[in-house]
Each structure stands twice: as C-alpha cells, then as structure tokens.
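Written out below as structure tokens is the structure these notes cover.
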Amino acid sequence: MNPLIDRIAKYICQKVNGRLLGLAALIYIGVAAFIMRPGALKVQSIAGKRLEILDLQWHFTPEKAALLLENYTPEARQAAANFTATADAVYPLVYTFFLVVLLGLLYKSDLKEHPSWCYVPLMPFWVMLFDYAENFCIIYILRHFPDYPQSIAFVGGWFTSFKWLSLFFVLALILSGIYRRVFKKKPKK
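According to the working numbering, numbering within the sequence shown proceeds without interruption in unit steps and concludes at 1464.
Rendered as structure tokens:
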C-alpha cells in the first residue's frame, strides 16, 4: 500500500482512545443537533413547506431531482445551496472523525493478530469522498435550476448511492467490531 496511507492508518490505530471517542461523539452530536437539523428546518421555513432533500435520498435521477426541486422556491434553492456549501462542507469531516475514531478503537486490539486491520478505520474516508462529490453536484443543480446539465444530476445521484453504500459498509464494520469485542474469546491465564 501507499507509505503515506500506511503511516496514517498506523497513527490512527496508535492514538485512538476512549476520551478521543467521547470528544468525537460530542462534536458529532453538537453539529448534527445544532447546525444540520436547524439548517434543514430553515430551508423548509423559507420554502414554507416540508421539502425532500436530495442528499437524503437513496438515489436520484435527473427526473427525480427536477421533480423534488420544483417544490423549492428560488429562495429555498439558494438557501439550500448555501447551506450545502457551508455547513454540509463541515459535516462530512465531523462524522468521518467520529467514525474513524470508533473503528480505530474497535479494531485496535486485534492488530497483532491481523495487522492489515489497521486500514479499517480509513473506510469512512470513502463515505466522505462520495459525500463531497455528491454535494458538489447538488450545489451545481440548486444554483442552476432548472437549466443544469442532466449529466450532473445523473452523476450526483450515483454519488449519493455510493455514499450510502459505503456508509452501510462502515456500519457493518462497526457491528462486526462490536461483535468481535463482545464475543471474542479471552485467553485463559
């Protein structure tokens, strides 16, 4: 593997601890509760109705994107684009930090037995990568609606699906790590 990635993976596995997980969890909860939720509610308030959000869809096509965004007022589309470009630019960093620390803690104790597992905590970076690519497409669509290239919505819909698939994979790794820690046989002394 790449030497830089090797160093990052090993550094994460060496440095994670319970206090860092607590800090990451507090930051995540704070951003989700006090920035992301109020931001989504503000966009809906500007529109004057409940809106479906593109990046919370499992997948969207150009037709579905157009259908959903027709419900947005021009002001709501602008507010959604600004929110996605600011707060939703920070959110992937926050949840990635939390997930990296959590996975690092869950797999840290098994590294002597399985050295390649030090790469497991890097998996949330795939979620973040797809989320940023999706956000770029969504911002472009929102700012140019209804005159945006259909290809942007097509690609954005696939980035959304890849984001969710990679997140489900990360969640499976978390469940597997929890299972291993709970049911792993302790050596007899």
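Built from N, CA and C at the ideal position, the CB exists for glycine as well.
For L1331, the closest alpha carbon among the candidates F1434, W1401, P1349 is that of F1434. In the three-state scheme derived from DSSP, where H, G and I count as helix and E and B as strand, E1338 is classed as helix.
In the DSSP assignment, P1349 falls within the alpha helix (DSSP H) that extends over 1349 to 1360. Contact holds between the region 1400 to 1420 and the region 1356 to 1369, because three or more Cβ pairs, one in each stretch, are under 8 Å apart.
Judged by DSSP in its simplified three-state form, H1419 adopts helix.
Annotated as proximal: P1396 and Y1382, with beta-carbon spacing under 8 Å. Within the same chain, Cβ atoms closer than 7 Å to the Cβ of Y1347 are found at A1322, L1326, A1355, the five residues on either side in sequence being excluded. Taking W1401 as the centre and dropping the five residues before and after it, the same chain places the C-beta of S1441 closer than 6 Å to its C-beta, in chain order. For the pair of segments examined, the region 1277 to 1291 was found not to touch the region 1335 to 1351: the number of CB pairs separated by less than 8 Å stays below three.
Boundaries of the alpha helix (DSSP H) harbouring A1447: 1425 to 1458, taken from the DSSP string. Pairing I1416 with A1428 gives a Cβ-Cβ distance under 8 Å. Judged by DSSP in its simplified three-state form, G1379 adopts helix. When rounded, the separation of the alpha-carbon atoms in L1298 and D1422 is 43 Å. Contact annotation, Y1303 with Y1370: C-beta distance approximately 6 Å; criterion of less than 8 Å satisfied. Under a 10 Å Cβ-count criterion, R1352 is classified as buried, with 16 or more other Cβ atoms of the shown protein chains found around its own Cβ. Taking the Cα positions, Q1289 is about 40 Å away from F1335.
Here the alpha carbons of K1438 and A1315 stand approximately 19 Å from one another. Shortest Cα-Cα distance from V1376 to any of R1418, R1294, A1307 involves R1294. In this structure, L1380 lies near L1296, with their beta-carbon atoms less than 8 Å apart.
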